[in-house]
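Engineer: Please see the structure below; I have some questions.
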Amino acid sequence: MKFSHAVKTAIAGLASHKSRSVLTILGIVIGVAAVILVVSLGKGAQNLILGQIQGLGSKTIAVLPGREPKGPSDIAQTFSDSLKEKDLEALRRKDNVPTLEKIMPVVFGGASASYGDETYRLTILGVSGLVGEIFDLRPQTGVFLTEDDVKNRAAAVVIGAKVKDELFGESAALGERIKIKGRNFRVVGVLPKKGQVSFFNFDEMALVPYTTAQQYIFGIKYFHRFIIQPSSEEEIGRTVQDVKITLRNSHGISSPDKDDFFVETQADLAARLGTITSVLTLFLAAIAAISLLVGGVGIMNIMLVSVTERTREIGLRKAVGATNRDILNQFLLEAIILTLIGGIVGVFAGAILSFLSSLALSNFAGLNWTFVFPFSAAFLGLLVSSLVGLVFGLYPARQASLKSPIEALRYE
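If you count the sequence shown from 1, position 349 lands on 349 in the working numbering, and the numbers rise without skipping.
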């Protein structure tokens with residue numbers, strides 16, 4: 001039998017039971033669509049995270065307290081108090097880190113701010129006057145914090161756009177005083193709507209001098225991190241080494257294994273988070289792909305029923321000259337066509353769902369989410385769905401091909 005004739009015969013067989021064929025295809029559609037959706041959202045999340053990291057600039061270096069976390073159990077190490085004022089002074093000395101251009105100590109934490117009858121829970125970010133240059137921030141109204149504010153532990157604050165809306169509404173905030181931890185802070189600047197930059201959402205933040213935050217808000221004498229920028233990208237490696245040596249000398253550490261701090265570049269962070277999101281995406285895609293196996297079992301079940309219902313047809317075809325191979329090919333093609341159609345519909349359904357999810361995340365969640373169509377996942381979905389049809393259709397097709405034409409014609 002010619003292949004084209006076998007395909008036409010298989011399609012005719014499927015068309016004779018439209019409802020059954022559609023329900024059989026549905027299992028494959030759901031499986032492939034789920035894989036496309038998971039992989040697309042995973043890629044979108046990866047792009048979002050990497051975009052936030054790159055918001056700090058490619059030559060930004062972060063120094064964090066505690067041992068570098070190697071797993072979930074090590075996260076608590078990052079809350080160490082190992083970064084002190086003496087470390088800041090040591091890093092600022094040119095003879096220790098000649099390539100260092102900017103360094104900003106950072107402290108942060110949650111607090112409530114109030115103005116009149118309004119209260120809002122926000123994030124306090126204690127920074128220096130370099131915050132505008134490092135994070136590429138400009139106040140919409142007013143001015144930024146200055147180094148004099150840091151030296152004098154000034155009760156000055158720059159608030160984000162959402163903080164301004166929550167506390168002041170349509171009223172002007174500049175020059176007004178808000179209360180944080182029982183202390184009055186004068187609003188010297190208001191940021192425009194900025195959203196997320198790296199891991200900081202500046203719309204929901206209040207920026208104060210880090211010295212003020214340490215003494216009057218958090219009551220600490222250490223820093224949560226240093227943010228450093230070298231003179232050029234080419235000097236990143238040298239700067240990292242000089243920072244490590246300087247801090248080891250400051251802390252009296254003789255071996256890198258005993259470091260109570262760790263240094264992270266944007267490239268390191270991007271690579272690490274990229275790996276994490278990729279592994280999670282593959283894990284979720286593998287779970288979603290289980291539905292393809294369920295769909296395959298459904299196809300085998302339906303094809304076995306079809307073989308039983310069409311026993312007389314099989315006997316008649318064999319009686320007029322059809323070989324076992326012809327019967328095998330017909331039923332095998334029916335299974336493959338079912339899964340292939342399901343795969344194609346599933347790819348389109350997954351793409352539409354992914355696009356709609358991206359729109360929802362962008363418009364309603366306020367995230368800078370981009371739609372990514374995973375071509376590799378689409379190709380793999382079509383390939384796997386066809387293989388599912390081949391594997392799970394083989395047994396019913398073989399059962400059909402082995403039927404005796406005489407017994408088949410007698411079948412009632």
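Each residue gets a CB set at the ideal place from its N, CA and C atoms; glycine is no exception. Computed from a predicted model, the values in this text were never measured in an experiment.
Kindly list the residues whose CB is nearer than 6 Å to the CB of Asp242, restricted to its own chain and excluding five residues on each side of it in sequence; keep chain order.
Structural biologist: Your numbering for residue 242 matches position 242 in the sequence shown. Closer than 6 Å at the Cβ level, and outside the excluded window around Asp242, lie Val97.
Engineer: For Glu176, which of helix, strand or coil comes out of DSSP?
Structural biologist: What you label residue 176 is simply residue 176 of the sequence shown in a count that begins at 1. The answer is coil: DSSP assigns Glu176 none of H, G, I, E or B.
Engineer: Are there 16 or more other CB atoms within 10 angstroms of the CB of Thr281, so buried, or fewer, so exposed?
Structural biologist: As a working mapping, residue 281 is identified with position 281 in the sequence shown. Buried: at least 16 other Cβ atoms inside 10 Å.
Engineer: Does the separation of the CB atoms of Leu125 and Ile159 fall below 8 Å?
Structural biologist: Counting from 1 along the sequence shown, the entry for residue 125 is found at position 125. Counting from 1 along the sequence shown, the entry for residue 159 is found at position 159. Not closer than 8 Å, so no.
Engineer: Which of helix, strand or coil does DSSP assign to Ile220?
Structural biologist: The count along the sequence shown starts at 1 and reaches residue 220 at position 220. Coil.
Engineer: Counting pairs of Cβ atoms below 8 Å between the segment 200–212 and the segment 23–35, do you hit three or more?
Structural biologist: They do not touch, by the three-pair rule.
Engineer: Hey, out of Gln140, Leu356, Ile302, Ile337, whose CA is closest to Arg20's CA?
Structural biologist: Here the question's residue 20 lines up with position 20 in the sequence shown. Residue Ile302 is the option with its Cα nearest to Arg20.
Engineer: Going by alpha carbons, who is nearest to Val372 out of Val107, Tyr222, Val38, Val29?
Structural biologist: Within the sequence shown, the letter at position 372 stands for residue 372. The shortest Cα separation from Val372 among Val107, Tyr222, Val38, Val29 belongs to Val38.
Engineer: Going by C-alpha to C-alpha distance, which of Gln330, Val63, Gly110, Ile134 sits closest to Arg398?
Structural biologist: Taking the sequence shown and counting its residues from 1, the one referred to as residue 398 is at position 398. For Arg398, the nearest C-alpha among the options comes from Gln330.
Engineer: Between Phe379, Arg92, Leu383, which lies nearest to Pro230 when the distance is taken from Cα to Cα?
Structural biologist: One-based indexing of the sequence shown puts residue 230 at position 230. The residue with the shortest Cα to Cα distance from Pro230 is Arg92.
Engineer: Measure the C-alpha to C-alpha separation of Ile352 and Val35 and round it to an integer number of angstroms.
Structural biologist: Residue numbering aside, residue 352 sits at position 352 when the sequence shown is read from its first letter. Residue numbering aside, residue 35 sits at position 35 when the sequence shown is read from its first letter. Approximately 13 Å between the Cα atoms of the pair.
Engineer: Can you list the alpha helix (DSSP H) stretches of 4 or more residues lying completely in the segment 76–149, in chain order?
Structural biologist: List check, alpha helix (DSSP H) in window: 85–92, 131–135.
Engineer: Express the C-alpha separation of Ile290 and Phe283 in angstroms, rounding to a whole number.
Structural biologist: As a working mapping, residue 283 is identified with position 283 in the sequence shown. As a working mapping, residue 290 is identified with position 290 in the sequence shown. Going by the C-alpha atoms only, they are around 11 Å apart.
Engineer: Distance, Cα to Cα, Ala172 vs Gln140?
Structural biologist: Residue numbering aside, residue 172 sits at position 172 when the sequence shown is read from its first letter. Residue numbering aside, residue 140 sits at position 140 when the sequence shown is read from its first letter. Distance between the alpha carbons of Ala172 and Gln140: 12 Å.
Engineer: Helix, strand or coil: how does DSSP classify Ile341 here?
Structural biologist: Taking the first residue of the sequence shown as position 1, residue 341 is located at position 341. Of the three classes helix, strand and coil, the one that applies to Ile341 here is helix, per DSSP.
Engineer: Thinking Arg225 and Val106 are a contact (beta carbons under 8 Å), I'd like their distance in whole angstroms, please.
Structural biologist: Mapped onto the sequence shown, residue 225 falls at position 225. Mapped onto the sequence shown, residue 106 falls at position 106. About 5 Å separates the two Cβ atoms, so the contact holds.
Engineer: Could you check if Thr323 is buried or exposed, using at least 16 other CB atoms within 10 Å of its CB as the buried criterion?
Structural biologist: Residue numbering aside, residue 323 sits at position 323 when the sequence shown is read from its first letter. Its Cβ having fewer than 16 others within 10 Å, Thr323 is exposed.
Engineer: Tell me where the alpha helix (DSSP H) around Gln215 begins and ends.
Structural biologist: Within the sequence shown, the letter at position 215 stands for residue 215. Careful: Gln215 lies outside any alpha helix (DSSP H) and carries neither H nor E.
Engineer: Check Phe379 in the structure and name its three-state DSSP category.
Structural biologist: Here residue 379 corresponds to residue number 379 of the sequence shown, with the count starting at 1. Of the three classes helix, strand and coil, the one that applies to Phe379 here is helix, per DSSP.
Engineer: Is the Cβ-Cβ distance between Gly389 and Leu338 less than 8 Å?
Structural biologist: On the sequence shown, residue 389 is found 389 positions in, with the first residue counted as 1. On the sequence shown, residue 338 is found 338 positions in, with the first residue counted as 1. Contact flag set, yes.
Engineer: Flag this pair as yes or no: are the beta carbons of Val157 and Ala90 separated by less than 8 Å?
Structural biologist: As a working note, residue 157 is residue 157 in the sequence shown. As a working note, residue 90 is residue 90 in the sequence shown. The answer is no: Cβ separation not under 8 Å.
Engineer: When burial is assigned at 16 or more other CB atoms within 10 Å of the CB, is Glu334 buried or exposed?
Structural biologist: Taking the first residue of the sequence shown as 1, we reach residue 334 at position 334. Buried: at least 16 other Cβ atoms inside 10 Å.
Engineer: Evaluate the contact criterion for the segment 344–361 versus the segment 374–392: three or more CB pairs, one atom per stretch, below 8 Å.
Structural biologist: In short, these stretches touch, since the Cβ pair count reaches three.
Engineer: Tell me which residues share the same chain as Thr78 and place their Cβ nearer than 7 Å to its Cβ, disregarding the 5 neighbours each side in the sequence.
Structural biologist: Mapped onto the sequence shown, residue 78 falls at position 78. The pLDDT assigned to Thr78 is 49, lower than 50, so where the model puts this residue is not dependable, and the model offers no usable value.
Engineer: Pick helix, strand or coil for Phe261, following the three-state DSSP scheme.
Structural biologist: For the purposes of this step, residue 261 is taken as residue 261 along the sequence shown, with counting starting at 1. Reduced to three states, the DSSP call for Phe261 is strand.
Engineer: So, Leu332 versus Leu387, is the Cβ gap smaller than 8 Å?
Structural biologist: Counted from its first residue, the sequence shown places residue 332 at position 332. Counted from its first residue, the sequence shown places residue 387 at position 387. Cβ atoms of Leu332 and Leu387: not closer than 8 Å.
Engineer: Using the Cα positions of Pro209 and Gly182, report the straight-line distance between them to the nearest angstrom.
Structural biologist: Counting from 1 along the sequence shown, the entry for residue 209 is found at position 209. Counting from 1 along the sequence shown, the entry for residue 182 is found at position 182. Taking the straight line joining both Cα atoms gives about 17 Å.
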